[in-house]
Amino acid sequence: MARGDAEIAAKRIEILRNFPSLAMNEDVQSLASEFLSKSNLPPKAADDALHIALATVYGLDYLLTWNCKHIANAQIQKKLAQISFDAGYELPTICTPYELMGE
Numbered sequence: 000m001a002r003g004d005a006e007i008a009a010k011r012i013e014i015l016r017n018f019p020s021l022a023m024n025e026d027v028q029s030l031a032s033e034f035l036s037k038s039n040l041p042p043k044a045a046d047d048a049l050h051i052a053l054a055t056v057y058g059l060d061y062l063l064t065w066n067c068k069h070i071a072n073a074q075i076q077k078k079l080a081q082i083s084f085d086a087g088y089e090l091p092t093i094c095t096p097y098e099l100m101g102e
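Counted the way numbering that gives the first Met the number 0 counts, the sequence shown spans residues 0 to 102.
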């Protein structure tokens, strides 16, 4: 959340300040490890795997992202959906804000 352009990152943090945080737990870490070991996510995408695992374990309907390389990527999502299903979860719909808004 604080990566990238410092000014824009500070604005993101301020906007999200009052949003509840999802707690990291063993289920999230385990699913993220599964994502990394069984999908085509590269090892450098460990933070992305945790992000996706948090949304999945907590049963969110949508995961919005601008990361089209590792998260909003149809080829990767297909494998992540199977891994999630095998672990007893349903992968949320992963898309960019534009896709969600129909633009």
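All residues carry an ideal CB built from backbone N, CA and C; glycine is no exception.
Since we're looking at a predicted model, the values are computed, not measured.
*Roughly how many whole angstroms lie between the Cα atoms of L90 and I75?*
12 Å
Practice item. For T95, collect the residues of the same chain with a Cβ closer than 8 Å to its Cβ; drop the 5 residues on either side in sequence, then sort them by chain order. Key: L63, T64, W65, C67, A71
Inset, instruction - Using 10 angstroms around the beta-carbon of I82, count the other beta-carbons present and answer buried if the total reaches 16, otherwise exposed. - result: The residue is buried, with at least 16 neighbouring Cβ atoms inside 10 Å.
_I'd like to know whether the C-beta atoms of L60 and T92 end up nearer to each other than 8 Å._
The amino acid at residue 60 is misidentified as Leu; the sequence shows Asp. Cβ atoms of D60 and T92: closer than 8 Å.
Report task. Taking Y97 as part of the alpha helix (DSSP H), name the residues at either end of that continuous run. Result -> 96-100
Residue burial classification, S38 (beta-carbon count within 10 angstroms, cutoff 16)
buried
Margin query: Would A54 and A31 qualify as a contact pair, given that the criterion is a beta-carbon distance under 8 Å?
Written below: no
Q.
Would A44 and H69 be called neighbours here (beta carbons separated by less than 8 Å)?
A. Yes, Cβ-Cβ distance for A44 and H69 is below 8 Å.
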